[in-house]
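Each number in the working numbering comes from the position in the sequence shown (counting from 1) with 98 added on. Just so you know, even glycine gets a beta-carbon here, dropped at the ideal spot from N, CA and C. Structure record follows, encoded as structure tokens.
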Amino acid sequence: MTKTTDTAAFIAAHIDEDVRRLALKYQGTEGVDLKFALQQIAGRQTARRKLPSWAATEGLTYPPHLSMEQCSSEQTARYKASVARRIAEQAVAENGGGTVLTDLTGGLGVDFSFMAREFGRAVYVERDAHLCAIAGDNFRRLGLDNACTVCADCTDYLPGSGRVTLFYADPARRDSNGARTYAISDCTPDIVRMMPVMLGKAEAVMVKLSPMLDISQTIREVEQGGEARVSEVHIVSAGNECKEMLVVIRRGGSGGRRIFCVNGDSVFGYDDGETAEPPATGEASRCAALLAEAAAGGSVADALRGLWLHVPDASVMKAGCFGLLAARQDVAALGKNSHMFVSGRASDGFPGRTFRIKDAATMNRKELRRALGGTEKANVAVRNFPLTADALRKRLRLKDGGDTYIFGTTVAGEHLLLICGKP
Numbered sequence: 099m100t101k102t103t104d105t106a107a108f109i110a111a112h113i114d115e116d117v118r119r120l121a122l123k124y125q126g127t128e129g130v131d132l133k134f135a136l137q138q139i140a141g142r143q144t145a146r147r148k149l150p151s152w153a154a155t156e157g158l159t160y161p162p163h164l165s166m167e168q169c170s171s172e173q174t175a176r177y178k179a180s181v182a183r184r185i186a187e188q189a190v191a192e193n194g195g196g197t198v199l200t201d202l203t204g205g206l207g208v209d210f211s212f213m214a215r216e217f218g219r220a221v222y223v224e225r226d227a228h229l230c231a232i233a234g235d236n237f238r239r240l241g242l243d244n245a246c247t248v249c250a251d252c253t254d255y256l257p258g259s260g261r262v263t264l265f266y267a268d269p270a271r272r273d274s275n276g277a278r279t280y281a282i283s284d285c286t287p288d289i290v291r292m293m294p295v296m297l298g299k300a301e302a303v304m305v306k307l308s309p310m311l312d313i314s315q316t317i318r319e320v321e322q323g324g325e326a327r328v329s330e331v332h333i334v335s336a337g338n339e340c341k342e343m344l345v346v347i348r349r350g351g352s353g354g355r356r357i358f359c360v361n362g363d364s365v366f367g368y369d370d371g372e373t374a375e376p377p378a379t380g381e382a383s384r385c386a387a388l389l390a391e392a393a394a395g396g397s398v399a400d401a402l403r404g405l406w407l408h409v410p411d412a413s414v415m416k417a418g419c420f421g422l423l424a425a426r427q428d429v430a431a432l433g434k435n436s437h438m439f440v441s442g443r444a445s446d447g448f449p450g451r452t453f454r455i456k457d458a459a460t461m462n463r464k465e466l467r468r469a470l471g472g473t474e475k476a477n478v479a480v481r482n483f484p485l486t487a488d489a490l491r492k493r494l495r496l497k498d499g500g501d502t503y504i505f506g507t508t509v510a511g512e513h514l515l516l517i518c519g520k521p
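The following block contains the structure:
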């Protein structure tokens with residue numbers, strides 16, 4: 099890394115340009131560390147999309163492109179900061195005194211930079227000296243006067259560390275051969291093995307994990323031995339794509355567990371094991387009876403026209419809390435395995451997307467021509483349907499996109515297409 103005056107000037111002059119064209123045009127330019135300059139230009143451009151507050155701060159140093167693409171977005175980092183804030187406020191209310199955050203797997207420091215503002219003191223631990231130096235300089239430019247950096251392996255640092263409010267860790271989810279791991283005990287560092295020491299020093303531990311991990315298995319692994327208790331699980335999505343799973347862990351003992359399904363500003367929270375029944379005379383009961391009657395002797399497609407279709411977001415799908423969701427939102431399950439719901443009205447606050455069912459049809463050619471007449475492109479998705487979305491789109495001879503949404507699904511044993519529009 100060489101950030102000379104000429105290199106800094108080059109970065110400033112070309113900050114909005116295509117790095118591939120710059121690489122070809124300025125190869126061999128004297129006085130400019132072109133590799134570093136292009137890395138900074140690409141990093142700043144990525145930050146505008148993922149980390150706008152970082153992009154708005156002059157002088158930050160960005161890592162290689164892959165690290166920028168894999169780092170937390172500002173949206174998910176701010177959510178973690180809100181969870182950390184609540185933990186800090188609870189600690190102050192119960193114990194008084196100051197608050198301390200320690201990030202044991204510092205990395206680029208995106209999550210740390212947002213969480214640190216919620217604590218009186220914040221410690222960033224990173225074993226890579228080069229990355230640690232970059233992070234320290236970035237934190238100063240971001241105005242994190244309460245932050246300090248420690249260049250050490252967290253397994254060496256932890257035994258000698260003092261009392262903290264919250265330990266945070268984002269363990270690597272690939273093994274030494276680069277293969278993905280699918281259990282918390284296979285991540286590096288081994289958070290499960292470190293847990294007794296962490297819980298002996300902290301009010302709580304927050305761990306960021308892959309959304310691919312099984313929730314129940316993760317809880318079992320963390321709680322084995324009885325010294326730790328998973329008090330919260332946060333399934334965090336952005337743009338309806340599951341990005342990460344956060345677990346908040348406290349010392350063992352009694353206490354329930356809270357699950358949070360997060361997608362942007364939408365949060366659907368519930369107690370683990372919570373159940374509920376929909377109102378006996380509500381929308382769910384009415385629509386369920388309507389569909390049952392149609393399946394028994396009428397047309398399910400006819401019954402669906404004009405209803406509202408509710409499609410849960412990715413976090414709810416991961417959590418699998420469909421019964422509770424249906425009861426709370428007073429919506430009826432469309433099919434046994436579709437995980438989509440219907441009602442006679444738009445459901446305020448539904449954690450997902452809502453559409454109006456304009457038409458419904460079987461796969462009969464005549465019905466399809468009637469239902470799709472004039473439609474040239476649509477957004478196609480399938481749930482509990484024998485074709486993939488791409489295969490269905492090709493069969494219907496539709497281009498991707500537009501304002502029409504088509505869902506292929508199975509209702510009462512019949513394959514149906516729901517032709518929908520946004521409200």
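C-beta atoms of residue i and residue j nearer than 8 Å
i	j	result
Leu-206	Tyr-266	no
Ala-458	Leu-514	yes
Thr-103	Glu-342	no
Leu-158	Ala-182	no
Thr-263	Ala-300	yes
Phe-453	Lys-520	yes
Cys-285	Tyr-368	no
Ala-149	Glu-172	The sequence given here places Leu at residue 149; Ala does not occur at that position. For Leu-149 and Glu-172, yes; Cβs fall inside 8 Å.
Glu-325	Pro-294	yes
Leu-389	Leu-516	no
Ser-436	Thr-508	yes
Lys-475	Gly-511	no
Arg-491	Val-478	yes
Thr-144	Glu-115	no
Length of the line joining the Cα atoms of residue i and residue j
i	j	result
Gly-371	Leu-422	10 Å
Leu-485	Glu-391	27 Å
Glu-224	Thr-247	8 Å
Tyr-222	Pro-161	17 Å
Asp-226	Phe-439	49 Å
Ile-333	Gly-395	41 Å
Trp-406	Leu-164	41 Å
Asp-400	Val-290	54 Å
Gly-234	Met-213	15 Å
Arg-318	Gly-298	20 Å
Lys-178	Gly-362	12 Å
Val-208	Arg-238	13 Å
Met-415	Leu-120	43 Å
Ala-111	Thr-105	10 Å
Ser-170	Arg-384	43 Å
Tyr-124	Lys-133	11 Å
Ala-374	Ile-313	21 Å
Asn-236	Met-292	29 Å
Pro-257	Arg-118	47 Å
Thr-502	Thr-155	41 Å
Gly-323	Leu-496	55 Å
Gly-129	Cys-518	59 Å
Ser-211	Ser-151	11 Å
Ala-386	Leu-466	25 Å
Arg-348	Gly-337	30 Å
6 Å CB neighbourhood of residue i in its chain, flanking five on each side removed
i	result
Ala-146	Rather than Ala, the amino acid found at residue 146 in this sequence is Arg. For Arg-146, where only same-chain residues beyond five positions count, the Cβ hits under 6 Å are Ala-153.
Asp-268	Thr-203 and Lys-306
Met-296	Phe-265 and Val-303
Glu-381	Asp-428, Ser-441 and Gly-442
Ile-232	Thr-159
Thr-316	Ile-282
Val-345	Val-305, Val-328 and Val-331
Ser-537	Examination of residue 537 is not possible in this model, given that the chain is present from 99 through 521 alone.
Rounded distance between the beta-carbons of residue j and residue i, thought under 8 Å
i	j	result
Gly-450	Pro-410	4 Å
Val-331	Glu-321	That belief does not hold up - the Cβ atoms of Val-331 and Glu-321 are roughly 12 Å apart, past 8 Å.
Cys-340	Pro-309	4 Å
Ala-431	Ala-424	6 Å
Ser-413	Ser-335	5 Å
Gly-404	Ile-455	7 Å
8 Å CB neighbourhood of residue i in its chain, flanking five on each side removed
i	result
Arg-278	Arg-271, Arg-272, Ser-308 and Met-310
Residue-level contact to chain B via CB, residue i, 8 Å cutoff
i	result
Leu-158	The structure shown contains no chain B; it is built from a single protein chain.
Beta-carbon contacts of residue i that lie in its chain and below 7 Å, excluding the five residues immediately before and after
i	result
Arg-481	Ser-436, His-437, Met-438, Phe-505 and Thr-507
Gly-433	Asn-482, Thr-507, Thr-508 and Val-509
Ile-109	Ala-135, Gln-138 and Ile-139
Ile-113	Ile-139 and Arg-142
Thr-197	Ala-186, Ala-189, Val-190, Phe-217, Gly-218 and Thr-263
Ala-250	Val-223 and Arg-225
- At least three beta-carbon pairs within less than 8 Å, the segment 469 to 488 to the segment 342 to 362: Contact between the segment 469 to 488 and the segment 342 to 362 is absent, because fewer than three Cβ pairs lie under 8 Å.
- Inter-stretch contact at 8 Å, needing at least 3 Cβ pairs: the segment 177 to 197 / the segment 233 to 250: These segments do not touch.
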